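Report on the structure given below.
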Amino acid sequence: MKIHTLKAEPTRGWALSILKEAGAIRECEEHGWMQDRADPHARERALEIARREPLVGLSDRAAVALIRDVLDELGDTCPECAQEQSSKLAS
Numbered sequence: 004m005k006i007h008t009l010k011a012e013p014t015r016g017w018a019l020s021i022l023k024e025a026g027a028i029r030e031c032e033e034h035g036w037m038q039d040r041a042d043p044h045a046r047e048r049a050l051e052i053a054r055r056e057p058l059v060g061l062s063d064r065a066a067v068a069l070i071r072d073v074l075d076e077l078g079d080t081c082p083e084c085a086q087e088q089s090s091k092l093a094s
């Protein structure tokens, strides 16, 4: 039996696209992604999308877990922007 594994980057990219579509995250123009808490239902909407349309090769449970993991990695602010802001204030 041959087992196929999914590479981390494509699965993370899929999760980011679902989270963005649902409005749970937004992109920092310079650095990356951060959570967007403007819509309190966005997280649940992203999880529902993952359940209905899991990435090929993932079960619906694994897709939901991936969405949660990626979202939990992201903060409310871009960490690099926060560092830059702190540096400017210290100067």
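For the numbering used here, count along the sequence shown from 1 and bump the result up by 3. We put the CB at the ideal spot given by N, CA and C, even for glycine. Please read all numbers here as calculations on a predicted model, not as lab measurements.
Beta-carbon proximity of residue i to residue j, cut-off 7 Å
| i | j | result |
| --- | --- | --- |
| Ala45 | Ala25 | yes |
| Leu69 | Trp36 | no |
| Ala49 | Leu22 | yes |
8 Å contact criterion, which residue i and residue j should meet: CB distance rounded
| i | j | result |
| --- | --- | --- |
| Leu74 | Ala27 | 6 Å |
Inter-residue Cα distance where the pair is residue i and residue j
| i | j | result |
| --- | --- | --- |
| Cys31 | Asp79 | 11 Å |
| Arg3 | Ala41 | Given that the chain is displayed from residue 4 to residue 94, the structure contains no residue 3 and the question cannot be resolved. |
| Ala53 | Asp63 | 7 Å |
| Gln38 | Arg71 | 12 Å |
| Glu51 | Pro57 | 10 Å |
| Trp17 | Val59 | 10 Å |
| Glu33 | Arg55 | 32 Å |
> What are the start and end residues of each continuous beta strand (DSSP E) run of 3 or more residues lying completely inside the region 26-92, in chain order?
Replying inline: Here the runs fully enclosed are 28-30, 36-38.
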